[in-house]
Structure formats: structure tokens, C-alpha cells
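The structure under discussion appears below in the form of C-alpha cells.
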Amino acid sequence: MSPTPMARWAADLSRLQEMSGFIRFAMLKCVNVPGKYISMTTWADEPSFRAWTTSSQFKASHGGGKSEGQPEQASKRPGMMGMLDGPPSPEMFETVTITE
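First residue of the sequence shown? That's 1 in UniProt numbering, and the numbers climb one at a time after it.
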């Protein structure tokens, strides 16, 4: 049985925390659409986010995968695509206002 998205992302939080520019992570579960989640990260700047998407931590968090010039890595965990309806599509937002 595959882990739930929430359990999966919680286990990967430490990899995010290793990255320069990482600020926070939130997992949102839709209350009216079963199985729908939004994974939201906050970064100091876009280059920090882009560095995450090309890092070894990102590959490890997303089920391994093929590195440039390397054979396909075997993973004991299901790939992200097995948990998603389609490929992830990052959306970038700039802060207008925030209250904490």
C-alpha cells in the first residue's frame, strides 16, 4: 500500500530544510474533493526554488529518477506520478501581504 501524500511529504520535509533559501512548507488537503492536496513551499527567492528542483534532495524526495549520464535509479518508494493525477505544474507567486 502506498503512503498517503501527507505522510509522504512529511517524511521529505528534512530534505527541504537542507536547502538554502527554504522558508516553510504547507500541505493543504481539499475538504470537498477527496484525494486532492496542494503542496506549498515558501522560498527566499526564485533561484533558491530552482536550485531545489535540480538538487539530489529533490530527486530523493520524488522517488529517485534518472540523473544526467546515470542509469535509472531504483526506488523502494512509488514515484510521484503514481500519486498525482498529472505532472506537477509549479506556480510562482510574489508576496503582496502576509500575517503571521
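C-beta: ideal position from N, C-alpha, C; glycine also.
Just so it is clear, the structure is predicted and the values come from calculations on it, not from any experiment.
Local conformation of residue i per DSSP, three classes
| i | result |
| --- | --- |
| F49 | helix |
| K36 | coil |
| F58 | helix |
| S14 | helix |
Counterpart residues of residue i in DSSP-defined beta bridges
| i | result |
| --- | --- |
| T41 | F25 |
Whole-number beta carbon distance between residue j and residue i, since they are thought to touch under 8 Å
| i | j | result |
| --- | --- | --- |
| G21 | A7 | Actually they are not in contact, since the Cβ atoms of G21 and A7 sit about 26 Å apart, beyond 8 Å. |
| D12 | S61 | 4 Å |
For residue i, the nearest candidate out of the options (CA to CA)
| i | options | result |
| --- | --- | --- |
| S14 | T95, W52, I98 | W52 |
| S48 | A26, S61, E18 | E18 |
| F93 | T54, D12, H62, M40 | M40 |
| S55 | K29, L16, T97 | L16 |
Spatial distance of residue i from residue j (CA atoms)
| i | j | result |
| --- | --- | --- |
| Q27 | T42 | Contrary to the premise, residue 27 reads as Met rather than Gln in this sequence. Rounded to whole angstroms, M27 to T42 spans 12 Å at the Cα level. |
| Q57 | V31 | 30 Å |
| R50 | V96 | 21 Å |
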